[in-house]
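**Q**
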Amino acid sequence: MLELYRKAAARLMDRRGVSELVAAIGLVAITAAVVIMASPQAKTMVGNLLTKAGTSISGLF
Numbered sequence: 001m002l003e004l005y006r007k008a009a010a011r012l013m014d015r016r017g018v019s020e021l022v023a024a025i026g027l028v029a030i031t032a033a034v035v036i037m038a039s040p041q042a043k044t045m046v047g048n049l050l051t052k053a054g055t056s057i058s059g060l061f
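For the sequence shown, our numbering assigns the number 61 to the last residue and increments by one with no breaks.
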C-alpha cells in the first residue's frame, strides 16, 4: 500500500503525470457522457441520482 502511495505521489509531482491523469479523467468523462446520452434509462437514472444528491445536500443546511 505504501508503494502505491509513493507511486501516486511521484506521479502528481511530475507535470507529465498530471497531464496524463487529467487526460484519462477527461476520456472517462466523455465516455460516460456518451453512454448517458445514448441510453434513455441511464439519463433517467443520472437525473434521479442528481436530484437525490441535491435533496440530501440541501437537507444539511
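We put the CB at the ideal spot given by N, CA and C, even for glycine. All figures in this text were calculated on a predicted structure; none of them were measured in a lab.
1. To the nearest angstrom, how far is the alpha carbon of Ser58 from that of Ile30?
2. Among residues of its own chain, excluding the 5 on either side of Gly17, which ones have a beta-carbon nearer than 6 Å to its beta-carbon?
3. Can you tell me whether Met45 is helix, strand or coil according to DSSP?
**A** Quick answer:
1. The residue given as residue 58 occupies position 58 in the sequence shown. The residue given as residue 30 occupies position 30 in the sequence shown. Near 28 Å, if we compare the C-alpha coordinates of Ile30 and Ser58.
2. Position 17 of the sequence shown holds residue 17. Here the set comprises Arg11.
3. Residue mapping note: residue 45 aligns to position 45 of the sequence shown, counting from 1. Met45 falls in the helix class under three-state DSSP.
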